[in-house]
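Each remark here refers to the structure printed beneath this line.
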Amino acid sequence: MSYLMSGRQAAIDTIGGIVANEISQVAQLGICLMVMFLVVRHTRAEEESGRAELVRSVVVGRHAATLAGLLYGVGAALLIAVVTSVSMLAAGLDRVGSVTYGAGLALLGLCFVGVSLVAAQLSTSARGALGITGAVVALSYVVRGLGAMQDNALVWASPFGWAQEMDAFGVERWWPALLLVVTTAALLALAAWLTVQRDFGSGVLHARPGPPRSTALLGTPVGLVLRLQRNLIVGWAVGLTALGMLYGAVIPTIPELVASNPDIAAAIGASPDAEQTLIDAFLRYVFLFMAVISSCFVVASVLRLRAEEESGRADAILATRVTRTAWAGATILVTGLGALLLTVLMGLGLAIGYGLGMGEWDQVAEHVGGQLSYLPGSLVLAALALALVGLWPRHCGAAWAAVAFVFFQAMLGETLRLPAWVDGISPFWHLSQVPLETLDAVPTLVELTLATALVLLGVWGYRRRDVAAS
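First residue of the sequence shown: 228, per my numbering; consecutive thereafter.
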C-alpha cells in the first residue's frame with residue numbers, strides 16, 4: 228500500500244532515495260494543490276468577482292488574466308522546487324539527484340498550472356474550476372498509485388508517474404521530463420484557445436438551471452449556507468473517506484514495513500520491537516494528519532462568509548429579515564457539523580480499509596473515536612477564522628497561515644525539536660495523543676471553550692463592523 232501512497236520506491240538503497248520517497252506524497256500533492264488555488268484565485272475568481280472586467284476596461288489584452296495566473300503559478304512552482312533542491316543539497320544529499328528531484332517537482336507543478344488554467348476556462352465559477360482541477364489531481368494520484376502497486380504501464384498514464392519516473396538519486400532519467408513539458412505546452416495552448424472561444428464572464432461548460440421552486444429549508448440561513456457549501460462538503464467527504472480507507476488498508480502491513488525499513492518506526496515515534504505500539508503510533512500519526520488536512524475544509528468553509536460579503540451577495544441576504552448574527556451563526560454551525568461529519572467519515576474509512584484488509588470489523592468504534600478526539604483542534608481553527616472575519620476582515624486570509632503552521636508543526640515538530648512554546652501554538656499539540664495515550668478530557672474541554680469564545684468574539688465583531696468593508 229505504500230506504493231499507492233508514494234509510487235514506486237526507487238533508489239531506496241541510498242539516503243537520497245529514502246528522503247525522496249518519504250517526502251513525495253506531501254511534496255507532490257502540496258505543489259499541485261498550491262498552484263491550483265493560486266491560478267484559480269488570479270483567473271476565474273477575479274472574473275467571477277467582476278474585478279477582471281474593470282481591469283479589461285483599460286488597454287489590456289484578452290490573454291492578460293491567463294498570463295498573470297500563469298506567471299504566479301510558474302513562480303510559485305519554481306520557488307518550491309528550488310527550496311526543495313537547496314534543502315537537499317544543504318543536507319548533504321547527492322547534487323545530481325537533488326537537482327533532478329527539484330526539476331521533477333517543478334515540472335509537475337507546471338503541468339497542473341496548465342490544468343488549472345484550462346479548468347478556469349471551462350467553469351463559470353471559481354468553485355467549479357477548483358473542483359475540476361482537484362478531480363484531475365486526485366485521479367492522476369490514484370492512477371499513479373495503482374500503476375505502482377501493480378507494477379505496470381498504468382504509472383505512465385499520470386503526470387505524478389512521469390515526475391517520479393525521472394528516478395532522482397537512481398539512474399536520473401531526464402526523458403520523462405519531456406512528457407511533462409509537452410503536456411504543459413498543450414494545456415497552455417488549449418487554455419489560450421478557450422479564452423478566445425468563450426464569452427467573458429462565462430465558461431465553456433454552462434451551469435444547469437436550478438429547480439423552479441425552493442424547499443422550505445432553503446428559506447432559512449442554515450439551509451442557504453448548507454446549499455452553498457453542499458459541493459464543498461461532498462467533495463471533502465469523498466476525498467477524506469477514500470484517504471481514510473487507504474490508510475486503513477496500510478495498518479496490517481505496518482510491522483512488515485518497519486521490519487524492512489526501521490526508519491519508519493523513528494518517523495512515527497515508536498519502537499520497532501513492539502507490534503501493537505507500532506500500530507498505535509501509526510494510528511496516532513494518521514489521526515493527526517487527517518485532522519490537520521480536514522482543517523483546510525473548516526477554514527475554507529468559514530471564509531465563505533467573507534467571500535459572500537465581498538461578492539455583494541451578503542448585502543441582498545442581510546437586506547431581508549436575516550440578521551448578521553443568524554448569517555454568521557449559520558456559517559459556523561454548518562462548518563461545525565461538516566467537520567463532525569468529515570471526522571466520522573474519516574474514522575469509518577479507516578475502519579473499512581482495515582476491515583477489508585484483515586477481515587475484522589471490531590475496530591470501528593476505536594477508529595471513529597480516535598479520530599473524533601482530534602476534532603477540537605479543527606474547531607479552534609474554524610473559530611479563529613470566524614474571529615478574523617469578524618474583527619479583521621482584510622486580514623482573514625491569515626487563517627491559512629495558521630493552517631500552514633499547524634501542518635508544519637504536526638509533520639516536522641518532533642523531527643526539528645521545536646521549543647515547547649512554539650509547539651504549543653498548535654491546538655493539536657495540547658490534545659491527547661490517542662491511541663498512544665488515554666483521552667484526557669481537560670485539554671478537550673479547554674479547546675472547546677476557546678473555540679466558543681472565539682466564535683462569540685467573531686460574531687460580535689461581525690455585528691459591529693460595516694459589511695463588505697475591506
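Each residue gets a CB set at the ideal place from its N, CA and C atoms; glycine is no exception.
Discussion item. Could you check whether G688 and L606 sit closer than 7 angstroms to each other, using their CB atoms as the reference points?
Written reply: Counting from one through the sequence shown, the residue named residue 606 turns up at place 379. Counting from one through the sequence shown, the residue named residue 688 turns up at place 461. Going by C-beta atoms, L606 is not nearer than 7 angstroms to G688.
Worksheet item: Are the CB atoms of G300 and T468 nearer to each other than 7 angstroms?
Response: One-based indexing of the sequence shown puts residue 300 at position 73. One-based indexing of the sequence shown puts residue 468 at position 241. The answer is no: Cβ separation not under 7 angstroms.
Fill in: Cβ neighbours of S367 in the same chain (closer than 7 angstroms, five flanking residues each side left out)
Position 140 of the sequence shown holds residue 367. These residues qualify, in order along the chain: S385, P386 and F387.
Practice prompt. Mark I652 as exposed unless 16 or more other C-beta atoms lie within 10 angstroms of its C-beta, in which case mark it buried.
Written response: The residue given as residue 652 occupies position 425 in the sequence shown. Classification for I652: exposed.
Practice prompt. In the DSSP assignment, find the unbroken alpha helix (DSSP H) run with E280 in it and report its ends.
Written response: By 1-based counting over the sequence shown, the position of residue 280 is 53. Start and end: R278 to R283.
Item to complete: For V363, count neighbouring Cβ atoms within 10 angstroms of its own Cβ and tell me buried if that reaches 16, exposed if not.
Response: Here residue 363 refers to the residue found at position 136 when the sequence shown is read from its first residue. Flag for V363 reads buried.
Discussion item. Please report the straight-line C-alpha distance between L572 and G372, rounded to a whole angstrom.
Written reply: Counting from 1 along the sequence shown, the entry for residue 572 is found at position 345. Counting from 1 along the sequence shown, the entry for residue 372 is found at position 145. If you take the alpha carbons of L572 and G372, they lie about 22 angstroms apart.
Discussion item. Here's a check: name, in chain order, each residue in its chain whose Cβ is nearer than 6 angstroms to the Cβ of L510, leaving out the five neighbours to either side.
Written reply: Stepping through the sequence shown from its first residue, residue 510 is reached at position 283. Same-chain partners within the cutoff: P662.
Practice prompt. Use the C-beta contact count for D426: other C-beta atoms within 10 angstroms, 16 or more gives buried, fewer gives exposed.
Written response: Locating residue 426 in the sequence shown gives position 199, counting from the first residue. Under this definition D426 is an exposed residue.
Worksheet entry | Burial state of D321, where buried means 16 or more other Cβ atoms lie within 10 Å | Taking the first residue of the sequence shown as position 1, residue 321 is located at position 94. D321 should be labelled buried.
Item to complete: Could you spell out where the alpha helix (DSSP H) holding L572 opens and where it closes?
Response: By 1-based counting over the sequence shown, the position of residue 572 is 345. R551 to M585 is the extent of the alpha helix (DSSP H) around L572.
Worksheet item: Among G563, A237 and L658, which residue has its Cα nearest to the Cα of A375?
Response: If you number the sequence shown from 1, residue 375 lands on position 148. Cα-wise, what sits closest to A375 is A237.
Worksheet item: Considering only C-alpha positions, which residue in the set V309, P436, A609 and R690 is nearest to A518?
Response: The count along the sequence shown starts at 1 and reaches residue 518 at position 291. Measuring C-alpha to C-alpha distances from A518 to each of V309, P436, A609 and R690 identifies A609 as the nearest.
Worksheet item: From the beta carbon of A518, is the nearest beta carbon of chain B less than 7 angstroms away?
Response: The structure shown contains no chain B; it is built from a single protein chain.
Discussion item. So, with DSSP's three-state summary, where would you put Y193?
Written reply: Past the boundaries of the shown model lies residue 193; the chain is included only from 228 to 697, so the question cannot be answered.
Worksheet entry | DSSP state of C623 mapped onto helix, strand, coil | The count along the sequence shown starts at 1 and reaches residue 623 at position 396. Three-state result, C623: coil.
Item to complete: Name the residue from L564, V452 and L294 whose alpha carbon lies nearest to the alpha carbon of V704.
Response: Here the chain has residues from 228 to 697 only, and residue 704 is not among them.
Worksheet item: In chain order, what residues of the same chain lie with their CB nearer than 6 angstroms to the CB of P670, ignoring the 5 residues before and after it?
Response: As a working note, residue 670 is residue 443 in the sequence shown. Taken in chain order, the residues that qualify are H657 and L658.
Practice prompt. Helix, strand or coil for I652, going by three-state DSSP, please let me know.
Written response: Along the sequence shown, one-based indexing puts residue 652 at 425. Secondary structure at I652: coil, using DSSP grouped into helix, strand and coil.
Worksheet item: When we look at the beta-carbon of V633 and count the other beta-carbons within 10 Å, is it buried (16 or more) or exposed?
Response: By 1-based counting over the sequence shown, the position of residue 633 is 406. The residue is buried, with at least 16 neighbouring Cβ atoms inside 10 Å.
Worksheet entry | S312 - containing alpha helix (DSSP H), residue span | Your numbering for residue 312 matches position 85 in the sequence shown. In this chain, the alpha helix (DSSP H) harbouring S312 covers A291 to A317.
Worksheet entry | Three-state secondary structure assigned by DSSP to S697 | By one-based count along the sequence shown, residue 697 stands at place 470. Low per-residue confidence applies at S697: pLDDT is 44, beneath 50, and the placement is therefore not dependable enough to give any value.
Item to complete: Would you mind working out which of N379, V561, W402 and V526 sits nearest L611, comparing C-alpha positions?
Response: The residue given as residue 611 occupies position 384 in the sequence shown. Closest by alpha carbon: V526.
Worksheet entry | Alpha carbon of M263 to alpha carbon of T550, nearest angstrom | In the sequence shown, counting from the first residue as 1, residue 263 sits at position 36. In the sequence shown, counting from the first residue as 1, residue 550 sits at position 323. Their backbone Cα atoms lie some 35 angstroms apart in a straight line.
Fill in: Residue from P448, W627 and A637 with nearest C-alpha to L545
One-based indexing of the sequence shown puts residue 545 at position 318. Per the Cα distances, P448.
Fill in: Local conformation of W402 per DSSP, three classes
In the sequence shown, counting from the first residue as 1, residue 402 sits at position 175. Assignment of W402 by DSSP, reduced to helix, strand and coil, places it in the coil class.
Worksheet item: With distances taken between CB atoms, is the gap from L357 to V267 smaller than 7 angstroms?
Response: In the sequence shown, residue 357 corresponds to position 130, counting from 1. In the sequence shown, residue 267 corresponds to position 40, counting from 1. In terms of Cβ geometry, L357 and V267 form a close pair [threshold 7 angstroms].
Item to complete: May I ask which residues mark the beginning and end of the alpha helix (DSSP H) holding D542?
Response: Locating residue 542 in the sequence shown gives position 315, counting from the first residue. R540 to L545 is the span of the alpha helix (DSSP H), which, as asked, contains D542.
Fill in: Residue burial classification, E392 (beta-carbon count within 10 angstroms, cutoff 16)
Stepping through the sequence shown from its first residue, residue 392 is reached at position 165. It counts as buried.
Discussion item. Using a Cβ-Cβ cutoff of less than 7 angstroms, which residues in the same chain neighbour L560 once the five nearest sequence positions on both sides are dropped?
Written reply: As a position in the sequence shown, residue 560 is number 333, starting the count at 1. So the list reads V449, once near-sequence residues are dropped.
Worksheet item: Pairing CB atoms from the region 325-340 with CB atoms from the region 301-308, are three or more of them under 8 angstroms?
Response: yes
Practice prompt. Would you kindly check if the distance between the Cβ of E399 and the Cβ of T327 is under 7 angstroms?
Written response: Position 100 of the sequence shown, counting from 1, holds the residue named residue 327. Position 172 of the sequence shown, counting from 1, holds the residue named residue 399. Yes. Within cutoff.
Worksheet entry | Cβ pair A464, L564 closer than 7 angstroms | The sequence position of residue 464 within the sequence shown is 237, counting from 1. The sequence position of residue 564 within the sequence shown is 337, counting from 1. Cβ distance not < 7 angstroms, so A464 and L564 don't count as in contact.
Fill in: Cutoff 7 angstroms; reference E206; Cβ partners in own chain excluding five residues on either side
This structure gives no information on residue 206, because the portion of the chain shown stretches from 228 to 697.
Practice prompt. Sort G341, D378, A365 and F524 by Cα distance to V409 and report the nearest one.
Written response: Here residue 409 is taken as the residue at index 182 of the sequence shown, counted from 1. V409 has its Cα closest to that of G341, out of G341, D378, A365 and F524.
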